[in-house]
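Notes to accompany the following structure.
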Amino acid sequence: MNGHSSAPISGPPAPPSAVQQSADQRSTRAPLHPPPLSLYVHLPWCVRKCPYCDFNSHEGRGALPFAAYIDALLADLDHDLPLVWGRTVQTVFFGGGTPSLFPPEHIERFLQGASSRLRFAPGCEITLETNPGTAEHGRFELYRAAGVNRLSFGIQSFDDGCLQRLGRIHDSHEADAAVKLAQDAGFDNINLDLMYALPQQTLAMAEYDLERAFALQPAHISHYQLTLEPNTMFAAKPPQGIPDDDASWDMQEHCQALLAARGYAQYEVSAYARPGRQSAHNLNYWRYGDYLGIGAGAHGKLTLGHDASILRRWKVKHPATYLAGAGKADAIGGDDRIDPERRPFEFMLNALRLVDGFELDLFSLRTGLAQDAIAAPLQQALGYGWLEIEGGHVRPTEAGRRFNNDLVSLFL
Ligand SMILES: C[S@@+](CC[C@H](N)C(=O)[O-])C[C@H]1O[C@@H](n2cnc3c(N)ncnc32)[C@H](O)[C@@H]1O
Ligand code: SF4
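Heads up, the sequence shown is in full-length UniProt numbering, so the first residue is 1 and it goes up one at a time.
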């Protein structure tokens, strides 16, 4: 989500080697250890498709097959269980689509079924994505009783004109009210999704959105630049008045400063949190952890100890095809083994999104490669002033974050 990453590759000559090679690092292989495991559950229906959205989400017409879908999820989980025998789930994330369309008793049945098949870590973070237009009195207490302990609200903006232009099903008062209902029900770990660089939005309007968010005192704010995704209604017919690159960059800089001043520290390209309130689930993605993906169109990434490989598996996208095939090979959209040559790029695509970067040792643990596999591109990135390396810790500089795409492509 960084729209400012297209500068040509240029910069001062590389400084002397900052990544010292020791004799025992020269082999390109290192032991591949299974990293922390998360569970991603995709719930694919929405009340209405938003014109900017390219997620696997489908307008739910008529009564949705909630019970059949939970059966399918559990069958899907059973089918994938041999890939994660004996491992503990650290976080669960219900994403969509609009997971809050599912009544709490269905979420509860899934969580009971999943925790009887897989060990959940004590204090496991369990997040449910919520559209404010689906909030009903009394529902949040029941989600909490079901085991959900974190909510992520798709707010987007608190300006009613912006919300209308985005095709949202709720207004700003409903957004406020939904978050307050959740807080009254005891949820204190809440994320608000906001987007900026919206059609006809000014800098003052983007700052106003943040002020309204601060007033609700969420633990976490995700602040995304609106992107025109291929195959969406906005891509086919772009709305009037989208801020240009300079105006969007200005909004990003001012909003970053405002978030920091109010105690929301940026820890990833689009993620800001109060101390200790980072999203454990998303951090596991960015640290190239493992995740089992179940549900229509869900993607998973798993380190398989027995043959030291990394497997990406995804499920078929369409809900009807998924419902018919779940639990059988028919529901698998594809399997892809990530060979060692592709791992540096994949690792960097994730880890270089983190403001604090990563330990070089983590690279080896997660990819099964020794550090010399990335010595050359690291040198190049240091030369361009895009990275700093100190005591085995790699951190993107401000320029590295700005030109994130170019930085990451050095590792291709
Ligand atoms: C799957 S949606 C989350 C929740 C729920 N479906 C909703 O919209 O209320 C995830 C988030 O991605 C962001 N998003 C979706 N499409 C985007 C786009 N084209 N550009 C930037 N952010 C986008 C929105 O902030 C959205 O809340
Ligand atoms: S509600 Fe969320 S997932 Fe559904 S179409 Fe809108 S942005 Fe996409």
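Even glycine gets a Cβ: it sits at the ideal position worked out from N, Cα and C. Small disclaimer: the values here were computed from a predicted structure and weren't measured.
Residue nearest to residue i in terms of C-alpha spacing, selected from the options
| i | options | result |
| --- | --- | --- |
| Asn405 | Leu369, Met348, Gln379 | Met348 |
| Ala145 | Leu210, Gln112, Ser38 | Gln112 |
| Arg353 | Gly368, Gly400, Glu341 | Gly400 |
| residue 415 | Leu360, Leu37, Ile70 | This structure cannot settle anything about residue 415, because the visible part of the chain is limited to 1 through 412. |
| Gly305 | Gly368, Trp314, Ser270 | Gly368 |
| Arg395 | Leu292, Phe363, Asp372, Ala373 | Phe363 |
| Thr202 | Phe234, Glu211, Asp250 | Asp250 |
| Ile107 | Ser409, Tyr143, Leu412, Glu268 | Tyr143 |
| Ala206 | Gly295, Asn231, Ile155 | Ile155 |
| Tyr40 | Gly300, Leu259, Lys328 | Gly300 |
| Ala381 | Pro319, Ala370, Leu412, Asp361 | Leu412 |
| Ile169 | Lys49, Gly327, Pro122, Ser279 | Lys49 |
| Asp339 | Ile310, Gly138, Ala320, Arg366 | Ile310 |
| Phe153 | Gln252, Phe94, Arg119 | Phe94 |
| Tyr52 | Leu43, Gln379, His42, Cys162 | Cys162 |
| Leu226 | Ala215, Asp245, Arg212 | Asp245 |
| Ala185 | Gly123, Ala215, His137 | His137 |
| Leu81 | Ala370, Tyr291, Ile374 | Tyr291 |
| Tyr285 | Pro35, Arg29, Pro31 | Pro35 |
| Gln278 | Gly325, Pro132, Ala177, Asp356 | Asp356 |
| Ala68 | Ala261, Ser157, Tyr322 | Tyr322 |
| Gly325 | Asp54, Asp71, Arg61 | Asp71 |
| Pro238 | Asp209, Arg165, Ile374, Gly62 | Arg165 |
| Phe214 | Leu43, Leu228, Pro230, Ala261 | Ala261 |
| Trp386 | Ala375, Gln371, Arg402 | Arg402 |
Residue i - partner residues in DSSP beta bridges
| i | result |
| --- | --- |
| Pro396 | Leu387 |
| Asn350 | None, per the DSSP bridge assignment. |
| Asn191 | Ser152, His220 |
| Lys315 | Ile332 |
| Phe234 | Looking at the DSSP assignment, Phe234 forms no beta bridge with any residue, so it has no partner. |
| His281 | Note: His281 sits in no beta bridge, so no partner. |
| Arg337 | Leu311 |
| Ala265 | Ala273 |
| Thr130 | Phe153 |
| Glu136 | Answer is none; Glu136 lacks a bridge partner. |
| Glu125 | Thr91 |
| Cys53 | According to DSSP, Cys53 bridges with nothing at all. |
| Cys46 | Glu59 |
| Arg29 | Leu369 |
| Tyr196 | Gln225 |
| Phe120 | Val89 |
Residue i, enclosing alpha helix (DSSP H) - first and last residue
| i | result |
| --- | --- |
| Pro104 | 104-117 |
| His42 | No alpha helix (DSSP H) contains His42, which is instead part of the beta strand (DSSP E) from 37-43. |
| Ile214 | Here residue 214 turns out to be Phe, not Ile, going by the sequence shown. Start and end: 203-215. |
| Ile70 | 66-80 |
| Gly295 | Gly295 -> not in any alpha helix (DSSP H); beta strand (DSSP E) instead, spanning 290-295. |
| Arg144 | 139-146 |
| Val355 | It is not in any alpha helix (DSSP H) - Val355 carries neither H nor E in the DSSP assignment. |
| Lys180 | 172-184 |
| Ser162 | Correcting the residue identity first, residue 162 is Cys in this sequence and not Ser. Taken as a continuous stretch (DSSP letters only), the alpha helix (DSSP H) holding Cys162 covers 160-165. |
| Asn405 | 404-409 |
| Thr367 | 360-367 |
First through last residue of the beta strand (DSSP E) which encompasses residue i
| i | result |
| --- | --- |
| Leu302 | 299-304 |
| Phe94 | 88-96 |
| Leu101 | That residue, Leu101, is in no beta strand (DSSP E); it is neither H nor E in DSSP. |
Cβ-heavy atom distance, residue i to ligand 4, below 8 Å
| i | result |
| --- | --- |
| Glu59 | This structure lacks ligand 4; the ligands present are ligand 1 and ligand 2. |
9 Å Cβ cutoff, residue i in contact with chain D
| i | result |
| --- | --- |
| Arg262 | The chain labelled as chain D is not found in the depicted structure, where only one protein chain is given. |
Next on the checklist: I'd like to know if the segment 327-338 and the segment 298-317 are in contact, where contact means that at least 3 CB-CB pairs between them fall below 8 Å.
Outcome noted: Touching, yes, given that three or more Cβ pairs across the two stretches are closer than 8 Å.
>> Contact between the segment 100-107 and the segment 117-137 is defined here as three or more beta-carbon pairs at a separation below 8 Å; is this criterion met?
In response: Yes: the two stretches touch, three or more of their Cβ pairs being nearer than 8 Å.
The segment 184-197 in contact with the segment 149-157 per 3-pair CB rule at 8 Å
With a cut-off of 8 Å on Cβ pairs, the segment 184-197 is in contact with the segment 149-157, counting three or more such pairs.
For ligand 2, residues whose Cβ lies under 6 Å from any non-hydrogen atom
Going down the chain, each residue whose beta-carbon is closer than 6 Å to a heavy atom of ligand 2 shows up: Cys46, Lys49, Cys50, Cys53, Phe55, Ser57, Gly96, Gly97, Thr98, Asn131, Gly154.
Worksheet entry | Three-pair Cβ contact test at 8 Å for the segment 193-202 versus the segment 226-237 | Cβ pair count under 8 Å is three or more, so yes.
task = Take every Cβ of the segment 207-226, pair it with every Cβ of the segment 271-286, and state whether three or more of those distances are shorter than 8 Å.
result = When C-beta atoms of the segment 207-226 are compared with those of the segment 271-286, three or more pairs fall below 8 Å, so the two segments count as touching.
Margin query: Would the segment 71-81 count as touching the segment 287-300 if we require 3 or more Cβ pairs under 8 Å?
Written below: With the cut-off at 8 Å, the segment 71-81 and the segment 287-300 touch.
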